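Student: So that we are looking at the same thing, I have put the structure below in structure tokens.
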Amino acid sequence: HTSSALWLAKDYYKILDVPNNASDQDIKKSYYQLAKQYHPDANKGDAAAAQKFQEVQKAYEALRDPQKRQLYDQMGPDGYENMQTNGGGASGAGAGFPGNMGGGFPGFHSGMSADIFSSFFGSNILFQQVTVPPICLSFLESLRSVRRKISFQTMHGRELETTIEIPANSDDGDILHAQINDPSNPHMPITLVIPIQIIPHRSFRREGLNIVSSLKMPLVKALLGDVVQVETVDGFVDLIVPPCSRHGDELRIHARGITEPTRNGGLRRGDHVVNLNIVVPSVLNSKQRKLLMEIQEEEERKFMGAEHIFKAKAAVDRERERDAASAQEQVKKEAKKVEEMKKEEGEKKEEEEDKIEEEEEKK
């Protein structure tokens with residue numbers, strides 16, 4: 001059998017960034033914020049934002065309605081989306097399923113409201129759901145589309161086998177849903193619930209579209225700089241480590257990360273980020289210690305030289321300040337002297353005028 005449908009079930013509360021017991025007002029507030037943030041008009045050409053916007057819309061449509069929200073809370077993401085995909089309805093909740101739904105519907109139980117069930121999905125729901133053991137992928141396999149053959153039992157105990165194509169960039173904990181036909185019961189399609197597990201890589205981890213790894217580097221090479229070979233998902237590439245690099249510095253190798261399609265049909269790719277892990281020696285031999293002490297002495301001389309220059313500059317500045325103050329004082333003295341001379345001249349002039357008046361009176 002081949003898969004005719006494949007999708008991922010996601011937690012609507014996590015999509016809207018609210019707790020499970022959030023009020024209707026909190027859900028609406030968060031929805032408006034996220035819709036504004038990821039709206040296509042504000043993120044032209046961004047496929048990831050467009051996808052996020054669709055998820056936000058879908059989650060809000062389910063949680064804004066009290067009946068749909070109650071149904072979602074009772075059935076969980078997998079059961080709810082499965083019901084949407086196979087929607088139709090039955091004469092009562094669980095019609096067509098023996099006992100407890102044949103073990104195929106996590107979260108569904110006999111106490112679920114038939115009114116909620118039928119009001120949303122109608123009255124002819126006939127399907128079966130089978131959860132298969134997790135499919136394990138290596139980190140590198142998860143970055144590309146891969147095919148896996150799986151075997152399972154139908155709700156009637158029939159052994160079936162099918163091949164599933166797992167989409168690229170699958171993440172650990174993803175849940176795939178594949179819908180196939182049951183040859184023995186063509187009117188009751190089978191929905192396979194397929195958990196995905198990613199085996200951690202010895203060096204790589206994912207951060208969005210970037211792939212992150214760590215590079216150990218001796219202290220001396222970090223100080224002097226070096227060119228090293230770094231493993232990426234495309235093989236080894238040369239990486240330039242600049243001189244005087246520090247512990248925790250991030251160096252990027254452009255376009256060596258995860259690839260995803262864009263909204264306009266193109267592709268974009270993240271980077272490979274290398275975190276530097278500077279290794280400090282735990283023991284120094286006599287030669288290393290001597291060299292480091294020479295470096296220390298050189299640094300101290302530079303510091304003392306810089307300190308001497310600073311002190312000399314400060315002394316010059318003080319001398320200039322004193323000279324400026326002295327010059328200003330001299331100007332004041334000269335101005336005072338001029339005023340005194342003017343005053344003396346004025347007094348002499350007054351004395352001469354007084355003498356002239358006395359002589360005129362005598363005459």
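Numbers 1 to 363, taken from UniProt numbering, label the letters of the sequence shown in order. We treat Cβ as the ideally placed atom computed from N, Cα and C, and that holds for glycine. Computed from a predicted model, the values in this text were never measured in an experiment.
Would DSSP call Ser91 helix, strand or coil?
Tutor: Bear in mind that the predicted position of Ser91 carries a pLDDT of just 33, short of 50, making it too unreliable to give a figure here.
Student: Decide if Ala327 is buried, meaning its Cβ has at least 16 other Cβ atoms within 10 Å, or exposed.
Tutor: Its Cβ having fewer than 16 others within 10 Å, Ala327 is exposed.
Student: Given this structure, state the Cα-to-Cα distance separating Arg158 from Gln179, to the nearest angstrom.
Tutor: In a straight line, the C-alpha of Arg158 is about 16 angstroms away from that of Gln179.
Student: Three or more beta-carbon pairs under 8 angstroms between the stretch 283-291 and the stretch 258-268, yes or no?
Tutor: Too few Cβ pairs lie closer than 8 angstroms, so no.
Student: Can you tell me whether DSSP reads Asp354 as helix, strand or coil?
Tutor: Note: Asp354 maps to helix in three-state DSSP.
Student: Can you tell which of Met188, Gly45, Val130 and Ser170 has its C-alpha closest to the C-alpha of Cys136?
Tutor: Selected option, being the one with the closest Cα: Ser170.
Student: State the Cα-Cα distance for the pair Glu329 and Glu319, rounded to the nearest angstrom.
Tutor: If you take the alpha carbons of Glu329 and Glu319, they lie about 15 angstroms apart.
Student: If you count every other CB in all the chains shown that lies within 10 Å of the CB of Tyr32, and 16 or more means buried, which is it?
Tutor: Its Cβ having fewer than 16 others within 10 Å, Tyr32 is exposed.
Student: So, Arg64 versus Ile27, is the Cβ gap smaller than 9 angstroms?
Tutor: For Arg64 and Ile27, yes; Cβs fall inside 9 angstroms.
Student: So if DSSP puts Thr162 in a beta bridge, which residue, or which two residues, is it bridged to?
Tutor: Partner(s): Ile150.
Student: Alpha carbon to alpha carbon, how far is Glu339 from Glu350?
Tutor: Cα to Cα, Glu339 sits roughly 17 angstroms from Glu350.
Student: Report yes if the C-beta distance between Arg226 and Val241 is below 9 angstroms; otherwise report no.
Tutor: One point to set straight first is that residue 226 is Asp, not Arg, in the sequence displayed. Yes, they are a contact pair.
Student: Do you know how far the Cα of Ser214 is from the Cα of Val130?
Tutor: So the alpha carbons of these two residues sit roughly 41 angstroms apart.
Student: For Leu239 versus Val274, is the C-beta distance shorter than 9 angstroms?
Tutor: Yes, these two residues count as a Cβ contact at 9 angstroms.
Student: Report yes if the CB atom of Arg256 is closer than 9 angstroms to the CB atom of Thr232, and no otherwise.
Tutor: In contact: Arg256 and Thr232 (Cβ atoms closer than 9 angstroms).
Student: Give the C-beta separation of Val56 and Leu34 to the nearest angstrom, bearing in mind that I take them to be a contact with Cβ-Cβ under 8 angstroms.
Tutor: About 5 angstroms separates the two Cβ atoms, so the contact holds.
Student: Quick one: Cα of Glu345 to Cα of Lys336, how far?
Tutor: Distance between the alpha carbons of Glu345 and Lys336 is about 14 angstroms.
Student: List the residues that DSSP assigns as beta-bridge partners of Asp226.
Tutor: The partner list for Asp226 (beta bridge, DSSP) reads Val241.
Student: Identify the residues that DSSP records as bridge partners of Leu276: which are they?
Tutor: DSSP lists Leu215 as partners of Leu276.
Student: For Arg252, which residues does DSSP report across the bridge?
Tutor: The partner list for Arg252 (beta bridge, DSSP) reads Val273.
Student: Measure the alpha-carbon distance for Gly107 versus Gly79 and round it to whole angstroms.
Tutor: Note that Gly107 scores 37 on pLDDT, short of 50, meaning its location in the model is unreliable and no value can be drawn from it.
Student: Determine which residues share a DSSP beta bridge with Ser145 and list them.
Tutor: DSSP output for Ser145 lists no bridge partner at all.
Student: Hey, is Glu299's beta-carbon within less than 9 angstroms of any beta-carbon in chain B?
Tutor: Here there is only one protein chain, and chain B is not present.
Student: Taking the beta carbon of Glu358 as the centre, do at least 16 other beta carbons fall within 10 Å, making it buried, or is it exposed?
Tutor: Classification of Glu358: exposed, given that the 10 Å Cβ count is below 16.
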